[in-house]
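Structure first, commentary second.
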Amino acid sequence: MLVSAKEMLEKAVAGHYAIGAFNLNNLEWTKSVLAAAQEANAPVIVQVSEGAGKYMAGFKNVADIVRNVMEYQNITVPVALHLDHGTYEGALKCIEAGFSSIMFDGSALPIEENLAKTKELAELCASKGISLEAEVGAIGGEEDGVVGMGECADPDECKKIADLGITMLAAGIGNIHGVYPEGWPGLRFDVLEAIKAKTGDMPLVLHGGSGIPDEMVQQAVRMGVAKVNVNTECQLVFAAATREYIEAGKDQKGKGFDPRKLLAPGAAAIKAKVLEKIYLFGSNDKA
Ligand code: 13P
3 MLVSAKEMLE KAVAGHYAIG AFNLNNLEWT KSVLAAAQEA NAPVIVQVSE
53 GAGKYMAGFK NVADIVRNVM EYQNITVPVA LHLDHGTYEG ALKCIEAGFS
103 SIMFDGSALP IEENLAKTKE LAELCASKGI SLEAEVGAIG GEEDGVVGMG
153 ECADPDECKK IADLGITMLA AGIGNIHGVY PEGWPGLRFD VLEAIKAKTG
203 DMPLVLHGGS GIPDEMVQQA VRMGVAKVNV NTECQLVFAA ATREYIEAGK
253 DQKGKGFDPR KLLAPGAAAI KAKVLEKIYL FGSNDKA
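Oh and the sequence shown: position 147 is 149 in this note's numbering, straight run, nothing missing.
Okay, here's the thing in structure tokens:
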């Protein structure tokens, strides 16, 4: 059964650890992430962006795949199925499709509009027992080949949005999606401290979890980050393991071209990476 992320996040804040939120891309990802969470006895958030939802043939299919893999693999740890960086329309579709958690990313909207739409969704999600993540202060990444250095949210805006009845808040503290650029100055712990001071026990979300030095992630977790998003690192290890298999000529030996063999090293690499992150975030044995 899929659960809202609310309880696991509240426990994480109280226990000073973070829940890993891993982006899914296909069946291999789903099987590997869930197997790792079960093995580590860790609550977990599995999430799809709207683009990944399309790639996986729709949100309903994503929800069905996650539920069916959970049943097939005997997954007993708490699992929340979350929409990552949703639009307003995407959020409604995922609620309809049976997601147990939603992110509405109104960070590109004028703040008043972001607040109004977030409030509306907070009420809807609360009435259905679904957790809601909101965002203020856009989290950068690569745009048109240019990678920004990471933006910071305004702590007063964080307070305003945190008071709308949301479950968790994504706020930029210099983090960005994808591979960090050369010379990236690191997370802004001063900004994190200011946001935490204004938002109290609100679970904070660190996007762009790939490639941040481990000590920085742990420091952020100690300071109130309760959900860490990871996507790119799983993609990189999957690609590297698949490349190694092909470069070793294994796809040309016997039935090595069978996708069940060809994709196995990549799937194992995702599982190993997810386990590593769960232990880094401290959510192991917290199910
Ligand atoms: P990375 O791809 O940098 O790990 O970021 C993931 C993320 O924040 C998804 O919202």
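Don't be surprised by glycine CBs; every beta carbon is placed ideally from N, CA and C.
For Gly53, the uninterrupted alpha helix (DSSP H) segment begins and ends at 52 to 57.
Assignment of alpha helix (DSSP H) within the segment 182 to 230, counting only whole runs of 4 or more residues, yields 191 to 201, 216 to 224 in chain order. For Val64, the enclosing alpha helix (DSSP H) covers residues 61 to 74. In this structure the segment 221 to 234 does not lie against the segment 29 to 45, because fewer than three pairs of beta carbons, one per stretch, are closer than 8 Å. Two segments are said to touch when three or more pairs of C-beta atoms, one from each, lie closer than 8 Å; by this definition the segment 29 to 36 touches the segment 271 to 280. With a threshold of 6 Å, the Cβ atom of Asp107 does not count as near the ligand 13P, since no heavy atom of the ligand is closer than that.
The way I'd put it, the segment 202 to 218 does touch the segment 169 to 179; three or more beta-carbon pairs between them come closer than 8 Å. Met72 counts as buried, since at least 16 other C-beta atoms from the protein chains shown sit within 10 angstroms of its C-beta. When the five nearest sequence neighbours on each side are left out, the beta carbons in the same chain lying within less than 8 Å of the beta carbon of Phe259 are those of Asp253, in order along the chain. Under the DSSP assignment, Asp158 falls in the alpha helix (DSSP H) whose first and last residues are 157 to 164. Shown here, Asp86 sits in a strand according to DSSP, grouped into three states. Excluding the 5 residues flanking it on each side, His179 has same chain C-beta neighbours closer than 6 Å at Gly143, Gly210, in chain order. Taking 7 Å as the cut-off, the beta carbon of Lys161 is found closer than this to the beta carbon of Thr201. For Gly142, the three-state secondary structure derived from DSSP is strand.
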